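Chemist:
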Amino acid sequence: MGKRGFIVLLLTVFVSSLFYGIEDFCGKIEKEEILNRFPEWQKTVTAYSPDPEIIYGLQTFDIPVNIEIFLGTWCRDSAQHVSEYFKIMNLVDNPYFMTLYTGIPKDKESREPYISGKNIQKIPTFIFFIDGEE
């Protein structure tokens, strides 16, 4: 293998590792970090137009709600639905809604540490808690 072949191989491995690492983000993550790492999600946030009546109803909600979202940064459904959730929460701007985001690996055998004690069957999963009740 000549220098050119070696450089191509090295670049291929490097670029692949970058995309793999970004594609499969696991663990706790903040909304801003998701949008920074995956700018294509912002396109959905920008384009989505939720029902104004639903936004108003959520704006007037005065009971604390904790939301846990389990998502896959590799998952098209997560990109779609979590981005729409971002838009809704941006418009609602209600401090009673508190959200935790957890990235789940694509490999189902590797998910247990991230979903332990939860009945996560599909990605994304949104779990809502009011007064500690699911």
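For the sequence shown, my numbering assigns the number 3 to the initial residue and increments by one for each residue that follows. Virtual Cβ for every residue (Gly too), placed ideally from N, Cα, C. Predicted model, so just to flag it, every value in this text is computed and none were measured.
Taking DSSP as the reference, what is the three-state secondary structure of F128?
Modeler: Position 126 of the sequence shown holds residue 128. Here DSSP, grouped into helix, strand and coil, assigns F128 to strand.
Chemist: Going by C-alpha to C-alpha distance, which of T127, M100 and P115 sits closest to L60?
Modeler: Mapped onto the sequence shown, residue 60 falls at position 58. It is M100 whose Cα lies nearest to the Cα of L60.
Chemist: Quick check on the DSSP output: the beta strand (DSSP E) that includes I71 runs from which residue to which?
Modeler: Within the sequence shown, residue 71 is the residue found at index 69, counting from 1. Note, I71: beta strand (DSSP E), V67 to L73.
Chemist: Give the secondary structure of G23 by DSSP, where H, G and I count as helix, E and B as strand, and everything else as coil.
Modeler: Walking along the sequence shown from the start, residue 23 turns up at place 21. With a pLDDT of only 42 at G23, under 50, the local geometry of the prediction cannot be trusted, and no value is derived from it.
Chemist: Ignore the nearest five residues each way along the sequence and tell me which others in K33's own chain have a CB closer than 7 Å to its CB.
Modeler: What you label residue 33 is simply residue 31 of the sequence shown in a count that begins at 1. Here the set comprises F88 and Y103.
Chemist: Going by DSSP in three states, K30 sits in which element: helix, strand or coil?
Modeler: In the sequence shown, the residue the question calls residue 30 occupies position 28. If DSSP states are grouped into helix, strand and coil, K30 belongs with the strands.
Chemist: Taking only the alpha-carbon atoms, compute the straight-line gap between I122 and W43 and give it to the nearest angstrom.
Modeler: Along the sequence shown, one-based indexing puts residue 122 at 120. Along the sequence shown, one-based indexing puts residue 43 at 41. When rounded, the distance between both Cα atoms is 22 Å.
Chemist: Would you tell me roughly how many angstroms separate the C-alpha atoms of I125 and F72, rounded to the nearest one?
Modeler: As a working note, residue 125 is residue 123 in the sequence shown. As a working note, residue 72 is residue 70 in the sequence shown. If you take the alpha carbons of I125 and F72, they lie about 7 Å apart.
Chemist: Kindly identify the DSSP beta-bridge partner or partners of E135.
Modeler: Within the sequence shown, the letter at position 133 stands for residue 135. Note: E135 sits in a beta bridge opposite I132.
Chemist: Helix, strand or coil: how does DSSP classify G119 here?
Modeler: In the sequence shown, counting from the first residue as 1, residue 119 sits at position 117. Coil at G119, not helix or strand.
Chemist: For F99, list the residues DSSP reports as bridge partners.
Modeler: Position 97 of the sequence shown, counted from the start, is the residue given in the question as residue 99. Partner(s): V67.
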